[in-house]
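Protein chains: 2
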Amino acid sequence: MSRVPGALWKNLIALQIYGANTGVGKTVFSTLLAAHFTRREGKQRWNLNYIKPVSTGPSSEADDRYVRKYTGKSAYTIFQFDDPVSPHIAARGSQQDPSNEQLLRRLGARLEKAACDSNLVRGSMGIAIVETAGAVLSPGPSGTPQADLFRPLRLPAVLIGDHRLGGIGSTISAAESLIVRGYDIDAVICFDDKSKFENAAYLTDHFGKMNIPTFTLPWIPDLQGSGEEEEAQRMTAYYQTNSRAAHMYQVGGRLIDMHIKRLSSLGSMSARTKETIWHPFTQHKHIEKAADVLVFDSAYGDYFQVKHTDTSLHDVERKEDTTLLYPAFDGSASWWTQGLGHGNPKLALQAAYAAGRYGHVMFAGATHEPAITLAERMIKGLANPRLRKIFYSDNGSTATEVGIKMSLRASCKRYEWTGARHEVGVLGLRGSYHGDTIGAMDASEPCVFNEKVDWYRGRGFWFDYPTFKLRKGRWVVEPPKDMDEEFGPTQYFETMESIFDFDFRGQSPRYEAYIEKTLDKLVKEQHRKFGALIIEPCILGAGGMVFVDPLFQQSIVRVVRRYNFSTTGAAVAPAHELDWAGLPVMFDEVFTGLYRLGRFTAASFLKVHPDISVHAKLLTGGLLPLSITATSQSLFDAFWGNEKSDALLHGHSYTAHPIGCHIANVSLESMSDLNTVDSSWRKYKGDWILNTPADERAWSMWSQRFVHHISKHDRVDYVNALGSVLAVSLVDKSGSSGYSSSAAVGLRDRLLNEISRTQVRIHSRVLGNIIYLMASMTSKPKHLAAVEAAFTEKLNALSD
Amino acid sequence: MSRVPGALWKNLIALQIYGANTGVGKTVFSTLLAAHFTRREGKQRWNLNYIKPVSTGPSSEADDRYVRKYTGKSAYTIFQFDDPVSPHIAARGSQQDPSNEQLLRRLGARLEKAACDSNLVRGSMGIAIVETAGAVLSPGPSGTPQADLFRPLRLPAVLIGDHRLGGIGSTISAAESLIVRGYDIDAVICFDDKSKFENAAYLTDHFGKMNIPTFTLPWIPDLQGSGEEEEAQRMTAYYQTNSRAAHMYQVGGRLIDMHIKRLSSLGSMSARTKETIWHPFTQHKHIEKAADVLVFDSAYGDYFQVKHTDTSLHDVERKEDTTLLYPAFDGSASWWTQGLGHGNPKLALQAAYAAGRYGHVMFAGATHEPAITLAERMIKGLANPRLRKIFYSDNGSTATEVGIKMSLRASCKRYEWTGARHEVGVLGLRGSYHGDTIGAMDASEPCVFNEKVDWYRGRGFWFDYPTFKLRKGRWVVEPPKDMDEEFGPTQYFETMESIFDFDFRGQSPRYEAYIEKTLDKLVKEQHRKFGALIIEPCILGAGGMVFVDPLFQQSIVRVVRRYNFSTTGAAVAPAHELDWAGLPVMFDEVFTGLYRLGRFTAASFLKVHPDISVHAKLLTGGLLPLSITATSQSLFDAFWGNEKSDALLHGHSYTAHPIGCHIANVSLESMSDLNTVDSSWRKYKGDWILNTPADERAWSMWSQRFVHHISKHDRVDYVNALGSVLAVSLVDKSGSSGYSSSAAVGLRDRLLNEISRTQVRIHSRVLGNIIYLMASMTSKPKHLAAVEAAFTEKLNALSD
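So the protein lines, in turn, are chains A and B.
Each residue of the first sequence is one higher than the one before, counting from 1 in the numbering used here.
Each residue of the second sequence is one higher than the one before, counting from 801 in the numbering used here.
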């Protein structure tokens, strides 16, 4: 459950006390810290809160009583289990709901109350000490390791070191487990047992290099053999002496400083960003004030943790006790990259593994295990007999340029053109977009994206095509405006699935005739030269989430492969059935591939085997840049020669970087498991598919009922949903459309700034009058249902 | 010390036994495993080796004696310290050399002997059990945590879990510390104490999800109160019963399987790579056999761990007991990226931190702490008042394209050109290279790299220039062939430093006149339009490690900034002194910046403030892709407008990905510390610089003596060294030169395949007749001295 606000308040220092192991003095330190803040001198009054989320063992011996006993302040336990074992065992058979969600909600509410209480007295500050149980990764009641369980709150951590033999190693390992999960460790505490192990000295040095201070506290009195009363006396003396000693002022000062530093950093970030950052794809004149830039403290699962601004608070009473952060559903899947959730500890750990095993290693003339494994996995997953070789690069744009270079070279060789002298273009579809480097831009028709790019030269021809959509509850395939003659009139379908049912639809002589006629005009009449067909299968993404009639995309590949593009006359027959024919066919699956639409490839929807397949974005599960150009033997062979200059002289420094390749392997395996094993997808599929093998069908993570419902809304023109993608075309009452329309902006702003009745805020992106939402592959049905409800609610509000 | 071979032999299974903590049963398991392999049934005979690298406490109670006692086999301790404390304390004042180097060498030799021994009996296999002390990160004798200390060997790990309360958490944390350091964990072992903690059940499930099997072994007899004899009897019985029990066959089987799997994976990788990988910048026809592709098992520090091939073994007697891996100095710094050493645990952990805190988060309209901190750090480090804004992208090529788009737009606006209609080019230097995407390629003159790129259109003009070098012991600045008239005759300098001393050299009226005359011809006579000056400061990298006379580069900037490029007549004066003048000046510091030459910027050598500065490669310390285009306010303002299309519509999905930005922050801070704090650089600087403030001077990590020495070699034409870069131009006896020359290939092959007398192999790259070496920022003088000796040795061998 990650839809809880990050725990940060202005007037409350909330901390989480973790131990390197059990028995290292977490409770003693918590008590000491509580006593310190109770008695801390200075003008600041401190409102004390001690919270034990989970306690096991008899309640008479529980830590909350202990803290109460020595500080005189109230202390609170959320879950108390009598059995002195790990919480995940103790919770079995308990009447309490031990889910992470329940625990986080109750802890969040308790902290919120603490923040509220600290405001009751003017000028007072609160401190909340949240003491964990056992070691950093000891399981919570649900079985989830604590540091994972509590991660959505991302409380600053204080780590109590282990003073015993072996404690240096276990303390550092515990710290590393926190760091891997994105925690900030404010301080390490060592109780100095005066042993000769010198753990504190070592740890001070070690953590000092990481800018984490280590504080040494006097050893805890040895109570062996003490009676209850003697014990109480000795501990009372210990706490009285030490709570006001210099070392506790240092600890307290550090914790206060870190709190102020975090607030000040968050508070200054939007202004600093406005000063220094040139944002991608952004007209900076439109950013009126610094606060228009969202500040992300962190992210977890499907949610960003966003800093509140006056705008985001406009329907929440402005209270100091409201957490400074709010969770927002990442509705663009962070530019279509997100697959396995933000802050995924498995990916984080595996990224570190590859970094620890290799760092980066050069890939020219060399190889390594993650790169070769990923190449083989991709070839297998693509399930396309044409695709045999994998070329690595860094992003969709570079991978597209690689594919263009491959295609053009092969075509120029076969058709005996010289690229440098002849203008060889590409064939594509109107509104295609393949990336922002000049070569990738040149493969797209003139549009707003390249209008003012001075070196842009649109090199090719881009076809019109029919599109499909759900309009007012009916699935339709529509021709572009005034092109009924070319594409036929609007066709109606019972289900989305039937649009993809080629057995049912057959081939389209009309589409093929149109394509052929157009090619004749270009090639035979105008003598134009083409070197590749480049298609985004199923959906044109940046072009406006346009869902193309799959039968048209299938048709254009069929026609191109039988067409004679030679300008010297005779057709050139490919030597082998898997060789490219007509033109190399390149699918840009950067957006649509690798489970974005619920399948490994988008090509499978078209039942087409391209000669080149380009992948990025979800390839690394949404963690870091890596891209792949998968290609055929016949394209590879076009670069075979005696000269180095015959080769594909392309390669970026971090080509096939091991971290990216290894993370891609982990991600693709995880996503494959979701497709085959996980029950969430079964639920999504079940909503769209009846009685047919799920994998052969089109389905969406957005519910059919919701999609149909909003398609009938008066402000909605049409809707599409496929896999994790939802696109809603809004009616622009101003009459403008396309990229320059701003119909969707109002809805986008409401979704973010006005919390819904289902307690959801949504961060979304728009493309002109299209607003779209995208789930990650691990989004839970329950969360998406709440997002759907929020969307419907805010859509309705538009009409008010 | 990382120049030890990775520990992998065909006939020896070498394992490292790590404990989740002290007192978890490492020695009992080691003994049990030893006993198991001693008695294991089957046709395989096992030669047993038990090695305790470091033992503390009385030798009479040491683990080696214990193992010997219960297995009857010999056992070996490398370092024995009597005091029962952590080795780093025990080693103080000891007569032994407790350095990591010493320990690794002795352990390596012992393992090599074990491999050798196992070959004495035909058909026998060896097993080597290397038992660590304490927890995974407990310090070794030098103070280095054990898992770091032993990392160069990268032995497969067996982790003994902690059975106690808190042991679930500490065991997982210990495993994570191993994983962060790139270890493979073959198995987790849990002793089942029948307690109600159920640690084994939890760990089995947890590690099962990571494909690591957990084996549960029967509880160790409780020996409390037993006499010595009784203890011996009970433990003997325990080992006898369990060593041949089914569970130990499972453990043994798993360890054997993993060994075979690793061998088979390494063995098949070159062939699998040849089958599936399309390598960057590679003419595949030149890869004659699969084994020509180097297989990297891993990498650490400055060294790759490379799989031996027949070629690499050609001067080593082919023995089965020679480790299958050899360390090779990464002499190209993995395509000029490597800065802080391969497998750097600090970078690995911090990569995981950013992944755990954010994953990737979208950057359009949003911001996060690592991105803004890095932007500010870059602006500060660049120390150029013109540079105010940071644009993020993924690699040098995309960052260059961004810079080109910025420059052209600004120029076209000021000079009232329309890029789409007018051919606006760039000015640059002959042999420049800025990356492999089409736009970046178009900014370079026609050359071998773009000769067969069909969309390549060289758009611009590229100047000739004088170069500097050390030729036969003398520093010279030379004009290009037959251009004495333009640039003057060869100039001689006492030191490299004096070439950069503009106080001494003054300005060059001759250079400036030449540049101005050339511009007049282009602009006034031919009416050509230019939109940017793009320069690689100091060194043209891919163009062949060409060291340009810094005075010429300074001159061209000076002339361009005062020249009138307007084609409509009147000069356009910039409004502000920090605005670009003449043309935007863009420095491509992808290769030369960020400490590659010993300073934050290469621009500082020229004493020039460019309007755009492009950075990548070392930006992340050599870990993963990220790039930056730093730019001025006046260029930013050129994209300010009412229309979205006025904006810079560029942005990759993973723009400013938090892992990259955070790692860049950590790396830049580390490299800055090396420059200011670390003593190694002081030694390098001291070798080149006398009596002057070090930061204002040119120096190299390659020793002056070595550089001078080889410059006089009969096979060497000239040498350059600056910062971490060494470039040696070889005399090509065939008379060919440049990219198509193969003079350097012979030396490159010898450096890798023939081990030097200093026991070094070097992986290097060549550019035509240039062979170059590059250190990482953390390379130690001692290692570089050994590399220099190897280079000299192999160079001499060429002449034989």
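Quick reminder that beta carbons are idealized off the backbone N, C-alpha and C, glycines included.
Cβ separation of residue i and residue j, assumed to be a contact under 8 Å, to the nearest whole Å
i: B/Phe1263; j: B/Arg1230; result: 7 Å
i: A/Gly460; j: A/Val426; result: 4 Å
i: B/Pro1018; j: B/Arg1034; result: Between B/Arg1034 and B/Pro1018 the Cβ distance is about 13 Å, and since that is not below 8 Å, they are no contact.
i: A/Met777; j: A/Ser724; result: 7 Å
i: A/Leu747; j: A/Leu798; result: 6 Å
Contacts that residue i makes with chain A (C-beta to C-beta distance below 9 Å)
i: B/Ile1077; result: Phe363, Thr367, Ala371, Ile372, Ala375, Lys389, Ile390, Phe391, Tyr392, Ala656
i: B/Ile968; result: Ser86, His88, Gly134, Ala135, Leu137, Ser138, Pro139, Pro145
i: B/Met1069; result: Thr367, His368, Glu369, Ile372
Chain A contact residues for residue i, given Cβ-Cβ distances below 7 Å
i: B/Tyr1311; result: Those within 7 Å of B/Tyr1311 in chain A number zero; the least Cβ separation is about 29 Å.
i: B/Leu1526; result: Near B/Leu1526 there are no residues of chain A at all, since even the closest Cβ is about 17 Å away, more than 7 Å.
i: B/Cys1212; result: Asp454
i: B/Val1224; result: Asp454
i: B/Thr822; result: Leu165, Gly166
i: B/Phe1007; result: Here the premise fails: no neighbours, minimum Cβ distance about 12 Å.
Beta strand (DSSP E) segment containing residue i, residue limits
i: A/Pro446; result: Segment: none, A/Pro446 is in no beta strand (DSSP E) and carries neither H nor E.
i: B/Ser1434; result: No beta strand (DSSP E) contains B/Ser1434, which is instead part of the alpha helix (DSSP H) from 1433–1437.
i: A/His662; result: No beta strand (DSSP E) contains A/His662, which is instead part of the alpha helix (DSSP H) from 658–676.
i: B/Tyr1100; result: 1094–1100
i: A/Pro53; result: 45–56
i: A/His615; result: 612–615
i: A/Lys469; result: 467–471
Residues near residue i by beta carbon distance below 7 Å, same chain, minus five either side
i: B/Val1323; result: Phe1365
i: B/Ser1070; result: Ala1090, Ala1091, Val1093, Val1095
Under 7 Å from the C-beta of residue i: neighbouring residues of chain B
i: A/Lys405; result: Val1253
i: A/Leu773; result: Those within 7 Å of A/Leu773 in chain B number zero; the least Cβ separation is about 14 Å.
i: A/Ala348; result: Ala1152, Ala1155, Gly1156
Closer than 8 Å at the beta carbon, the chain A residues around residue i
i: B/Gly982; result: Tyr353, Ala354, Ala355, Gly356, Arg357, Tyr358
i: B/Val1248; result: Lys644, Ser645, Leu649
Cutoff 8 Å; reference residue i; Cβ partners in own chain excluding five residues on either side
i: B/Asp864; result: Tyr850, Lys852, Ser855, Ala875, Tyr876, Thr877
i: B/Arg845; result: Val921, Gly923, Ser924, Met925
Neighbouring residues, chain B, relative to residue i (Cβ below 9 Å)
i: A/Gly6; result: Neighbours of A/Gly6 on chain B: none; closest Cβ ~11 Å, over 9 Å.
Cβ shell of residue i (< 6 Å), same chain only, five flanking positions each side left out
i: A/Asn100; result: Met1, Ser142, Thr144, Leu149
i: A/Gly331; result: Ile762, His763, Ser764, Leu773
i: A/Gly341; result: Gly301, Ser776, Thr778
Segment limits, alpha helix (DSSP H) that includes residue i
i: B/Ile972; result: 967–980
i: B/Asn999; result: 999–1008
i: A/Thr801; result: The shown model of chain A, from 1 to 800, leaves out residue 801 of chain A, and the question about it has no answer.
Residue i: contacting residues in chain B (beta-carbon distance under 8 Å)
i: A/Asn769; result: None at all; the shortest Cβ gap to chain B is about 14 Å.
Identify each residue in the segment 1432–1450 of chain B for which the Cβ-Cβ distance to at least one residue of chain A is less than 8 Å, and report them in chain order. The residues in question are Phe1436, Phe1439, Trp1440, Gly1441, Asn1442, Glu1443, Lys1444, Ser1445, Asp1446, Ala1447, Leu1448, Leu1449, His1450.
Along the segment 533–550 of chain A, where does the CB come closer than 7 Å to a CB of chain B? Name the residues. Those residues of the segment 533–550 of chain A that come within reach of chain B (Cβ to Cβ, closer than 7 Å) do not exist; the list is empty.
Could you list the residues in the segment 1072–1100 of chain B with a C-beta less than 7 Å from some C-beta on chain A, going in chain order? Those would be Arg1072, Thr1073, Thr1076, Ile1077, Trp1078, His1079, Pro1080, Phe1081, Thr1082, Gln1083, His1084, Lys1085, Val1093, Leu1094, Val1095, Phe1096, Ser1098, Ala1099, in chain order.
Residues within the segment 421–445 of chain A neighbouring chain B, beta-carbon criterion of under 7 Å: The segment 421–445 of chain A vs chain B, Cβ under 7 Å: Val424, Asp436, Thr437, Ile438, Gly439, Asp442.
If you measure beta-carbon to beta-carbon, which residues of the segment 1126–1138 of chain B are closer than 9 Å to chain A? Within the segment 1126–1138 of chain B, Asp1130, Ser1132, Ala1133, Ser1134, Trp1135, Trp1136, Thr1137, Gln1138 place their CB atoms closer than 9 Å to a CB of chain A, listed in sequence order.
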